[in-house]
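Quick note: the sequence shown uses full-length UniProt numbering, first residue 1, plus one each step.
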Amino acid sequence: MHEQTVLLDAWEAALLPRRPDVVRVGLAVPLTGPLALTAPSALDLAGLAADETNAAGGVRGRAVELVTVDSGRPPQAVAAEAAALHDADAFDVLVGFHTSAVHRAVEAALAGRVRYVFTPPHEGGRRRPGVVRIGSSPRAQHTAALGWLVRHRRARRWALVGNDYVWPKAVHRAATGVLGGLGAEVVGQALVPLGVDDPGALLDLVRRTRADAVLLSLVGRDLVTFNREFARAGLDRRVVRLSGALEENGLYAAGGDSTGELYACMPSFAAADGTVDAADDEGQLALQERHARRAGPTAPVVCAYARGVYDGVRLAVALAEDGAAPRPAPAVPRLALADGLAFRAVRPG
Numbered sequence: 001m002h003e004q005t006v007l008l009d010a011w012e013a014a015l016l017p018r019r020p021d022v023v024r025v026g027l028a029v030p031l032t033g034p035l036a037l038t039a040p041s042a043l044d045l046a047g048l049a050a051d052e053t054n055a056a057g058g059v060r061g062r063a064v065e066l067v068t069v070d071s072g073r074p075p076q077a078v079a080a081e082a083a084a085l086h087d088a089d090a091f092d093v094l095v096g097f098h099t100s101a102v103h104r105a106v107e108a109a110l111a112g113r114v115r116y117v118f119t120p121p122h123e124g125g126r127r128r129p130g131v132v133r134i135g136s137s138p139r140a141q142h143t144a145a146l147g148w149l150v151r152h153r154r155a156r157r158w159a160l161v162g163n164d165y166v167w168p169k170a171v172h173r174a175a176t177g178v179l180g181g182l183g184a185e186v187v188g189q190a191l192v193p194l195g196v197d198d199p200g201a202l203l204d205l206v207r208r209t210r211a212d213a214v215l216l217s218l219v220g221r222d223l224v225t226f227n228r229e230f231a232r233a234g235l236d237r238r239v240v241r242l243s244g245a246l247e248e249n250g251l252y253a254a255g256g257d258s259t260g261e262l263y264a265c266m267p268s269f270a271a272a273d274g275t276v277d278a279a280d281d282e283g284q285l286a287l288q289e290r291h292a293r294r295a296g297p298t299a300p301v302v303c304a305y306a307r308g309v310y311d312g313v314r315l316a317v318a319l320a321e322d323g324a325a326p327r328p329a330p331a332v333p334r335l336a337l338a339d340g341l342a343f344r345a346v347r348p349g
């Protein structure tokens, strides 16, 4: 087996002399903050992508090293560190998995001086030179899922609940337009700061508005906290929930769901029942098998966010190799139903 890829601390990389036979990929992953529960999966899948590149000969014979940056901190702190690390020649290309607030700050600080691949669902709008976004925009991610739930679950009265930053705001704007076109209505909205300890006011909003569906753009630990308290309040069996940020780690942390009313729309799921499209299923299963061989039986789950990081590192390597790698087509978001601790894919139609 090929030796596993070196994973360097950011400032260690900045201080160590650069070897000419190494390409460094910056890896901005949330090691702290609400999204930190996804970090083990993301780091593992980034390592797998680098391992596979190195086993195939690297970047024109140069080995890939990964340089970690904690992107779970406030946006300006992450952006300032990313810019300083680039100035110190700590990385050649950057892969980012974090909130869109951090994304906006980082792309402004780097100002097109280095290629920057942003992997999760994004806020839409224009992108700066040098930035490649491989996730979905809010409308592309949510439209099909909202339509299916309106038609098949009779979800007509929607409450929109999210964290107070750029991505949830963009999701709310997109969802309001989509739902209006479907004959449904938005009956209440709320945006709350990151770090939700007590979602009681959000639950009250759902009750007060008599919503029969909730669109959740809470992220990470905040999404987990809301789903736990939603179930404790007894709302989970009569109110449909849809999230564009719920992945496998978040489902595990919330204790799963067996109501048949919790849905998620992400580009990939480790669907346990083989209901995803054949080509996607084959690729996802193969990735899980390679990850299990690398990390062993206690390997973190291959979640949707981690899959994006894997794809982002592969793209970053291609950019480092020739600087002109084709921009990938965004993955098509799929609708999935939480079924215990796993997801079951739902075919739109």
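Glycine included, every Cβ here is placed at the ideal spot set by N, Cα and C.
In this structure, Val214 is the residue among Val214, Leu179, Gly177, Gln141 with its C-alpha nearest to the C-alpha of Leu191.
Ala63 and Pro20 have their alpha carbons spaced roughly 10 Å apart. In terms of CA proximity to Arg210, Glu185 leads the group His86, Glu185, Val131. In this chain, Thr225 is not harboured by any beta strand (DSSP E); it is covered by the alpha helix (DSSP H) spanning 220-232.
Around the beta carbon of Thr68, a 10 Å sphere encloses 16 or more other beta carbons of the protein chains shown; the residue is thus reported as buried. Taken in chain order, the complete beta strand (DSSP E) segments of 3 residues or longer contained in the segment 294-347 are 334-339, 342-346. Secondary structure of Gly26 (DSSP, three-state): strand.
For the options Asn227, Leu43, Pro17, the alpha carbon positioned closest to that of Ala88 is the one of Pro17. Around the CB of Ala46, 16 or more other CB atoms lie within 10 Å, so the residue is classed as buried. Between Pro120 and Tyr305 a beta carbon distance of about 6 Å is seen, short of the 8 Å cut, so the two are scored as contacting.
Judged by their CB atoms, Gly162 and His152 are not nearer to each other than the 8 Å cut-off. Contact between the segment 283-297 and the segment 90-108 is absent: fewer than three C-beta pairs spanning the two stretches fall below 8 Å. Taking every protein chain shown into account, the CB of Arg207 has fewer than 16 other CB atoms within 10 angstroms, so this residue is exposed. Counting the other CB atoms within 10 Å of its CB gives Leu15 a total below 16, which places it among the exposed residues. Pairing Phe118 with Ala49, the inter-Cα distance amounts to about 16 Å.
Beta-bridge partners assigned by DSSP to Tyr263: Leu242, Leu337. Taken in chain order, the whole beta strand (DSSP E) runs of length 3 or more contained in the segment 85-140 are 93-96, 116-118, 131-133.
Less than 8 Å separates the beta-carbon of Val239 from that of Asp212.
Per DSSP, Thr5 is not a residue of any alpha helix (DSSP H), being assigned neither H nor E. Secondary structure note for Leu191: its beta strand (DSSP E) is the uninterrupted segment 185-192.
Shown here, Gly181 sits in a helix according to DSSP, grouped into three states. In the DSSP assignment, Arg207 falls within the alpha helix (DSSP H) that extends over 200-208. Counting of Cβ neighbours within 10 angstroms places Arg24 among the buried residues, the total reaching 16 or more. Under the 10 Å beta carbon count, Val219 is surrounded by 16 or more other beta carbons and is classified as buried. The Cβ atoms of Leu319 and Val93 sit closer than 8 Å to each other.
Rounded to whole angstroms, Ala299 and Gln4 show a C-alpha spacing of 15 Å.
Counted as a single uninterrupted DSSP element, the alpha helix (DSSP H) harbouring Glu248 occupies residues 248-253.
In the three-state reduction of the DSSP assignment, Asp70 falls in the strand class, which pools E and B.
Measuring C-alpha to C-alpha distances from Ala28 to each of Leu341, Leu66, Ala155 identifies Leu66 as the nearest.
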